[in-house]
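Position one of the sequence shown corresponds to residue 1 (full-length UniProt numbering), numbered consecutively onward.
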Amino acid sequence: MAGRGGVTFDASTGVLTWDGVVPPQCQPNPSIFRLSADLAWVPAREPIHADIDSTKTDGIGPGMSFANAVLTKNPNFGPIGLVPCAVGGTAINEWQKGEFLYDRLVKRAQMAQQSGVYKAMLWYQGEADTISQEDAELYEGRLKTFFNDLRSDLNAPTLPIFQVVLASGEGPYIEEVREAQLNISLQNVKFVDAKALPLEPDRLHLTTQAQVRLGEMLADAYLGFIPRPTSNDAPTNFSTCVARFLIIAQLLRCLWLILTF
Numbered sequence: 001m002a003g004r005g006g007v008t009f010d011a012s013t014g015v016l017t018w019d020g021v022v023p024p025q026c027q028p029n030p031s032i033f034r035l036s037a038d039l040a041w042v043p044a045r046e047p048i049h050a051d052i053d054s055t056k057t058d059g060i061g062p063g064m065s066f067a068n069a070v071l072t073k074n075p076n077f078g079p080i081g082l083v084p085c086a087v088g089g090t091a092i093n094e095w096q097k098g099e100f101l102y103d104r105l106v107k108r109a110q111m112a113q114q115s116g117v118y119k120a121m122l123w124y125q126g127e128a129d130t131i132s133q134e135d136a137e138l139y140e141g142r143l144k145t146f147f148n149d150l151r152s153d154l155n156a157p158t159l160p161i162f163q164v165v166l167a168s169g170e171g172p173y174i175e176e177v178r179e180a181q182l183n184i185s186l187q188n189v190k191f192v193d194a195k196a197l198p199l200e201p202d203r204l205h206l207t208t209q210a211q212v213r214l215g216e217m218l219a220d221a222y223l224g225f226i227p228r229p230t231s232n233d234a235p236t237n238f239s240t241c242v243a244r245f246l247i248i249a250q251l252l253r254c255l256w257l258i259l260t261f
């Protein structure tokens, strides 16, 4: 989710570099913003995670194509705010309550909530959990705990969650983690399968065009989803709202939140 589209190893320098190519679907849009690392709203542009996943080389992710697709398919949607939180190469236990990444995610999401109301979260993570059999076996339980804790801490018990099912992995237990992701049975949790999308030469990260396609698939899933309320939900009056914001909190490959102002 942090975005590795267009990132390749430069043999002449010995470092990873981004080719700088931004597809039309990922171009800046005056209606798309992002929450920066210092918690300021700024115009969104690739790489979305440049100041969040700052110790790695970031490229194209699904965020901008997601936001542009939402605006294209629903011209009346209103301004969109992306809230990136992804950190590449992280395991699910690093996103448990009390860990740094979880706490930072909650802080950024709560700051964004000052301008809107959560509408959805997008999540793409798990490659690092394919390395050991133990992590793969524990993945489903850890993921459910993460989703439940986050909904509780954001006071959003029915928050729609769209998780991406793995296309690849760092170890041999890819199918075990994929099965765990497909088995999540929590209310308002849906999945988008990335398995058929093309990978970079490293056989781990999605190509630029695959990231574009993934963003469009997530947009279709979001726009076509009707969330199920709980009996405790109360009607909300948005008569004073002036804009609709889509907040996405990304993870390795990540997580997004959607807000309405």
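No residue lacks a Cβ here, since even glycine has one placed at the ideal position from N, Cα and C. Note that this is a predicted model, so its numbers are computed, not measured.
What's the call for residue i, buried or exposed, on a 16-neighbour Cβ count within 10 Å?
i: Q181; result: buried
i: P79; result: buried
i: R203; result: exposed
i: S152; result: exposed
i: G61; result: buried
i: E127; result: buried
i: E216; result: buried
i: I226; result: exposed
i: T13; result: exposed
i: G6; result: buried
i: P160; result: buried
i: E134; result: exposed
i: L122; result: buried
With residue i and residue j assumed to form a contact (beta carbons below 8 Å), what rounded beta-carbon distance in angstroms separates them?
i: I184; j: K119; result: Their Cβ separation, rounded to whole angstroms, is 20 Å, which puts I184 and K119 out of contact at 8 Å.
i: A221; j: L206; result: Not quite, the Cβ-Cβ distance comes to about 17 Å (not below 8 Å), so this is no contact.
i: A91; j: D53; result: That belief does not hold up - the Cβ atoms of A91 and D53 are roughly 15 Å apart, past 8 Å.
i: F162; j: W95; result: With a Cβ gap of about 16 Å, F162 and W95 do not count as contacting.
For residue i, which residues of its own chain have a beta-carbon under 8 Å away from its beta-carbon, when the five flanking residues on both sides are left out?
i: T130; result: A136, L166, G169, E170, G171, P172, Y173, I174, E176 and V177
i: N232; result: Confidence at N232 is low in this model, with a pLDDT of 49, below 50, so its placement is unreliable and no value can be given for it.
i: L39; result: R108 and M111
I'd like the list of long-range same chain contacts for residue i, defined as Cβ closer than 6 Å, with 5 residues on each side in sequence excluded.
i: K56; result: G88
i: D10; result: T17
i: V22; result: E46
i: V106; result: D153
i: R4; result: G59 and H205
Spell out the partners DSSP gives residue i in its beta bridges.
i: D53; result: Its beta-bridge partners do not exist; DSSP assigns none.
i: Q163; result: W123 and F191
i: D202; result: The partner list for D202 (beta bridge, DSSP) is empty, contrary to what the question assumes.
i: I60; result: G5
i: W41; result: L35
Between which two residues does the alpha helix (DSSP H) carrying residue i extend?
i: Q125; result: Counting along the chain, Q125 falls outside any alpha helix (DSSP H), and DSSP gives it neither H nor E.
i: T208; result: T208 to L223
Starting from residue i, trace the beta strand (DSSP E) in both directions and tell me its first and last residue.
i: G81; result: I80 to L82
i: F33; result: I32 to L35
i: L16; result: V15 to W18
i: F9; result: V7 to D10
Closer than 7 Å by C-beta to residue i: which residues in its own chain qualify, once you throw out the five before and the five after it? Chain order, please.
i: D51; result: S36 and A37
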